[in-house]
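K.L.:
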Amino acid sequence: MEKIRIAVRKFDPFETTLQKLWDAFCLENNISVEAEMIPLELHDLYEQTLTNKGLKNGDWDIAHLNTDWIFDAVNSRAVENLSPLISQNPPQDFPEGWHHSLLHLQEINNQVYGLPFHDGPECLIYRKDLFENTTEQINFKNQYGYNLQPPKTWEQFTHIAEFFNRPEQNLYGCVFANYPDGHNMVFDFCLQLWTRGGSLLKDHKQININQPEAIEALDFYRQIVNNQKTTHPKSKEFGSVEAGMAFATGEAAMAINWFGFASMCEVIEASKVKGKVDIAQLPSNENHNPASLNVYWLYTIGSGSKHKKIAYDFLRFATTAKSDKLLTNEGGIGCRKSTWNDPEINKTIPYYHKLSMLHENALTLPQTPVCYLK
Numbered sequence: 001m002e003k004i005r006i007a008v009r010k011f012d013p014f015e016t017t018l019q020k021l022w023d024a025f026c027l028e029n030n031i032s033v034e035a036e037m038i039p040l041e042l043h044d045l046y047e048q049t050l051t052n053k054g055l056k057n058g059d060w061d062i063a064h065l066n067t068d069w070i071f072d073a074v075n076s077r078a079v080e081n082l083s084p085l086i087s088q089n090p091p092q093d094f095p096e097g098w099h100h101s102l103l104h105l106q107e108i109n110n111q112v113y114g115l116p117f118h119d120g121p122e123c124l125i126y127r128k129d130l131f132e133n134t135t136e137q138i139n140f141k142n143q144y145g146y147n148l149q150p151p152k153t154w155e156q157f158t159h160i161a162e163f164f165n166r167p168e169q170n171l172y173g174c175v176f177a178n179y180p181d182g183h184n185m186v187f188d189f190c191l192q193l194w195t196r197g198g199s200l201l202k203d204h205k206q207i208n209i210n211q212p213e214a215i216e217a218l219d220f221y222r223q224i225v226n227n228q229k230t231t232h233p234k235s236k237e238f239g240s241v242e243a244g245m246a247f248a249t250g251e252a253a254m255a256i257n258w259f260g261f262a263s264m265c266e267v268i269e270a271s272k273v274k275g276k277v278d279i280a281q282l283p284s285n286e287n288h289n290p291a292s293l294n295v296y297w298l299y300t301i302g303s304g305s306k307h308k309k310i311a312y313d314f315l316r317f318a319t320t321a322k323s324d325k326l327l328t329n330e331g332g333i334g335c336r337k338s339t340w341n342d343p344e345i346n347k348t349i350p351y352y353h354k355l356s357m358l359h360e361n362a363l364t365l366p367q368t369p370v371c372y373l374k
């Protein structure tokens, strides 16, 4: 029997969605093809698909790749160019069905190498029940001299984190994802840099962080994540998923994390803050604009796959408006404009429509080849 192998980013909503989509795809097309879906942690996923040349060698037919990896994946010829397939048989409403910020990172040299799977820029996630509590508002203003509201500046962020830091209640002012894997800490530093008016790129598009804004950003970030009066003590052990779960179980008043972990609070059974959450733009220094970070997940097809036709047919099926909404209901973040504005989705997740706002200020990491995988 023909078998398709799919490398899946390990995350329960991704895993359940992919299985439901494959079953529905086979039923609709009256085919009987087994899909072997292997959930992999972040570093394992990169190793299996790119470092070990799994996509290039045909070990994987389809893989979840994030946009941080796609440039090197293309330059190492690991992923299939989808442009000819799209020209012949485009996905539903392509490209108008997506915000432009979800289409450009996988377009390299005017060719498309992936379709959007899971979205959700970084944002401020906060407990609106705490912020809207009259007693908390009075006590905060008495202590700090201004009204309690989502912080506009990093100084306000620190004040609010200090105010809500209550270890005796297992409540901390904020939570970060500081697991030392070169992942979220890099993104957090970029956000600190951008919201101070800094940039990763200097002359001739060369990366250069030898600048006052970078020093200020790193100093603040180092201080806040080590501050026992503001920050969840397990932040250094948390990746983004663990930090998101800590927030969902009511252990923090604020988090800087991906939008998906705000959405997760409304749909998972373990959540203790359902209906008590909202999102806002990140704080910034005075006279500087807020920023967000746009890194998203793609469906890609391995260049060595022997099943490219059925793989592409599945990608088309998995990116329809109906499939995108299913991913959202399972706990992922749909990428389509139709999902962002869907009345049912916004009834469950009242801030879902704010994704468009976040994308307007979303920046990306520069696509520069660190090395080419041979």
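Going by the UniProt record's numbering, the sequence shown opens with residue 1, and the numbers climb by one from there. Built from N, CA and C at the ideal position, the CB exists for glycine as well.
Report the three-state DSSP secondary structure of residue 72 (helix, strand or coil).
P.N.:
helix
K.L.:
What would DSSP say about residue 61, mapped onto helix, strand or coil?
P.N.:
coil
K.L.:
In chain order, what residues of the same chain have a beta carbon less than 7 Å from the beta carbon of residue 244, not counting five sequence neighbours either side?
P.N.:
257, 261 and 264
K.L.:
When the Cα atoms are used, what is the spatial distance from residue 83 to residue 96?
P.N.:
16 Å
K.L.:
What residue does the beta strand (DSSP E) around residue 173 start on, and which one ends it?
P.N.:
172-175
K.L.:
Under 8 Å between C-beta atoms, does residue 212 make it to chain C?
P.N.:
Among the chains of the structure shown, chain C does not appear; only one protein chain is present.
K.L.:
Assuming residue 98 contacts residue 336 (C-beta within less than 8 Å), just tell me the rounded distance between them.
P.N.:
6 Å
K.L.:
On a Cα-Cα basis, can you pick out the residue from 52, 54 and 349 that is closest to residue 328?
P.N.:
349
K.L.:
Do residue 158 and residue 230 have their C-beta atoms closer together than 8 Å?
P.N.:
yes
K.L.:
Short of 7 Å in beta carbon distance, which residues of its chain neighbour residue 276, apart from the five on each side in sequence? Order them along the chain.
P.N.:
127, 128 and 129
K.L.:
If you reduce the DSSP assignment to three classes, tell me which class residue 44 lands in.
P.N.:
helix
K.L.:
Who are the near neighbours of residue 106 in its chain, counting only those whose CB is closer than 7 Å to its CB and skipping five residues on each side?
P.N.:
Only 67, 70, 112, 113, 114 and 298 meet the Cβ criterion.
K.L.:
For residue 74, count the other beta carbons within 10 Å of its own beta carbon; 16 or more makes it buried, fewer makes it exposed. Which is it?
P.N.:
buried
K.L.:
Between residue 24 and residue 64, is the Cβ-Cβ spacing less than 8 Å?
P.N.:
Contact check for residue 24 against residue 64 fails: the beta carbons are separated by 8 Å or more.
K.L.:
So what's residue 430 in DSSP terms, helix, strand or just coil?
P.N.:
In the structure as shown, the chain begins at 1 and stops at 374. Residue 430 is therefore absent and cannot be evaluated.
K.L.:
How many Å lie between residue 392 and residue 209 at the Cα?
P.N.:
It is not possible to answer for residue 392, since the shown part of the chain is limited to 1 through 374.
K.L.:
Would a C-beta distance cut-off of 8 Å place residue 36 and residue 9 closer than the cut-off?
P.N.:
no
K.L.:
Do residue 200 and residue 291 have their beta-carbon atoms positioned less than 8 Å apart in this structure?
P.N.:
no
K.L.:
State buried or exposed for residue 173, treating a residue as buried only when at least 16 other CB atoms are found within 10 Å of its CB.
P.N.:
Residue 173 comes out buried.
K.L.:
How should residue 219 be labelled, buried or exposed, when 16 other C-beta atoms within 10 angstroms of its C-beta is the threshold for buried?
P.N.:
Under this definition residue 219 is an exposed residue.
K.L.:
Say the cut is 7 Å; is the CB of residue 225 nearer than that to a heavy atom of the ligand SAH?
P.N.:
The ligand content of the structure shown is nil, which means the ligand SAH is not present either.
K.L.:
Evaluate the contact criterion for the segment 317-332 versus the segment 141-153: three or more CB pairs, one atom per stretch, below 8 Å.
P.N.:
They do not touch, by the three-pair rule.
K.L.:
Which value, in whole angstroms, describes the spacing of the CA atoms of residue 19 and residue 38?
P.N.:
11 Å
K.L.:
So, with DSSP's three-state summary, where would you put residue 184?
P.N.:
helix
K.L.:
Buried or exposed for residue 281, please, with buried defined as at least 16 other CB atoms from any protein chain shown within 10 angstroms of its CB.
P.N.:
buried
K.L.:
Using DSSP with H/G/I as helix, E/B as strand and the rest coil, what is residue 230?
P.N.:
coil
K.L.:
Can you name the residues that DSSP bridges to residue 336?
P.N.:
Note: residue 336 sits in a beta bridge opposite 98.
K.L.:
Am I right that residue 124 and residue 279 are in contact with their C-beta atoms under 8 Å? What's the rounded C-beta distance?
P.N.:
6 Å
K.L.:
So if DSSP puts residue 79 in a beta bridge, which residue, or which two residues, is it bridged to?
P.N.:
302
K.L.:
Could you tell me which residues DSSP puts in a beta bridge with residue 37?
P.N.:
6
K.L.:
Do you know how far the Cα of residue 165 is from the Cα of residue 205?
P.N.:
41 Å
K.L.:
Is the beta carbon of residue 309 sitting closer than 8 Å to the one on residue 80?
P.N.:
no
K.L.:
Consult DSSP for residue 353 and reduce its assignment to one of helix, strand or coil.
P.N.:
Residue 353 falls in the helix class under three-state DSSP.
K.L.:
Whole angstroms are fine: how far does the CA of residue 182 sit from the CA of residue 363?
P.N.:
18 Å
K.L.:
Can you check which of these residues, 91, 3, 31 and 77, is closest to residue 61 by C-alpha distance?
P.N.:
3
K.L.:
Anyone know if the C-beta pair for residue 252 and residue 271 falls short of 8 Å?
P.N.:
Taking 8 Å as the cut-off, the Cβ atoms of residue 252 and residue 271 do not count as close.
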